[in-house]
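Take a look at the structure below.
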Amino acid sequence: MSFVDHIEELRWHIIRSMIVIIVLSIAAFFRIEWIFDHIVMGPAHPDFISYRLLCEAATKFGLTGLCLQDINIQFQNNELAGQFMMSFSTSFMVGFIVAFPYIFWEFWRFIKPALKENEIKYARGIVFWTSLLFFAGVLFAYYLIAPFTINFFANYQLSPLFKNIITMENYYDTMSDLILGLGVVFELPVLVYFLSRVGILTPAFMRDKRRYAILIIFVLAAVITPPDWFSIWLVAIPLLILYETGIAISDRVMKKRAKLEKLNNNY
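Numbering (the working numbering), first residue to last: 204 to 470.
Okay, structure coming up:
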């Protein structure tokens, strides 16, 4: 297949993915008021499930001080067509998140013919695991990172002379950055697995560069979260766990590879 044929095939994979995103976005648009108020704005409501569960658990152990404060924040729209355009942005984000498994499946169909038979064998279940990790990152960001981030900044006050009046765009950008950012970052184990399979990454290398990885993780956590240490640590801890999980995955892959090479040499 020529380069032009590859580009043409890629174009159709992208077109099919976009069609699915658009269809799901249109479906979301018909329920956009409910989606925006109950899902997007969910962490801004004082009765959000994460706040209630934390307070119930804290009360059970006599730690009522951990119950989060009511959110002292006001929202505003300062553009004439702001709410109308936000309807489209929110619908598209919902469509993209829901369509992610299909998008990755189309991507996998594109690269699969270029892989060897044994590489395809080792990648069995890749769409499932990639989608699972993406949704795990999305849910982690939505139910844990976003509520604590919003509550912290909503109640932080430098001076009583100032009120926290947040624009709709600022709130939405914060939510989308956290949710999509962590959804992508949670794909680290999958990336480590494939890089280890092709011999680019080794567990020894990952252990040797651990200190640099920790630095990068904290920088990344600072980029995708608001600049407070609580939110940064809240994101960094699971990323550090993912990195250590990646080392274990890489170690397992290399041991299997060494065992297979030993068997081949014996024959």
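Note that beta-carbon positions come from the ideal geometry of N, C-alpha and C, so glycine has one too.
Starting from Phe278, trace the alpha helix (DSSP H) both ways and give me its first and last residue. Phe278 -> not in any alpha helix (DSSP H); beta strand (DSSP E) instead, spanning Gln277 to Gln279.
Quick check: the Cα distance between Tyr374 and Thr352, rounded to an integer number of angstroms? 11 angstroms
Have a look at Ala439 and His209 and give me their C-alpha separation to the nearest angstrom. 39 angstroms
Excluding five sequence neighbours on each side, which residues of the same chain lie with their C-beta closer than 6 angstroms to the C-beta of Tyr396? Ile452
Endpoints, the beta strand (DSSP E) within which Thr405 is located: Where Thr405 is concerned, there is no enclosing beta strand (DSSP E), given that its DSSP letter is neither H nor E.
Secondary structure at Ile323, three-state DSSP: helix, strand or coil? helix
Supposed contact pair Phe310 and His241 - C-beta distance, whole angstroms, cut 8 angstroms: Contact flag wrong, Cβ pair sits at about 31 angstroms.
Return the chain-ordered ranges of every beta strand (DSSP E) run that is complete within the segment 316–371 and spans a minimum of 3 residues. 368–370
C-alpha gap between Lys459 and Arg400, whole angstroms: 10 angstroms
Measuring only the C-alpha atoms, how far is Asn280 from Gln286? 7 angstroms
CB Val341 to CB Thr293, shorter than 8 angstroms? no
Meets three-Cβ-pair contact criterion under 8 angstroms: the segment 252–267 and the segment 298–315: no
Please identify the residue among Leu418, Leu283, Val297 and Phe337 whose C-alpha is closest to the C-alpha of Phe307. Phe337
Tell me the DSSP secondary structure of Pro250 in three-state form. According to the sequence as given, residue 250 is Asp; it is not Pro. The answer is coil: DSSP assigns Asp250 none of H, G, I, E or B.
Reduced DSSP category for Phe389 - H, G, I as helix; E, B as strand; rest coil: coil
Which residues bound the alpha helix (DSSP H) around Phe233? Premise fails: Phe233 is in no alpha helix (DSSP H) and is neither H nor E.
Cβ contact check for the segment 408–426 and the segment 444–451: 3 or more pairs under 8 angstroms: yes
In whole angstroms, what separates the C-alpha of Glu372 from that of Glu212? 37 angstroms
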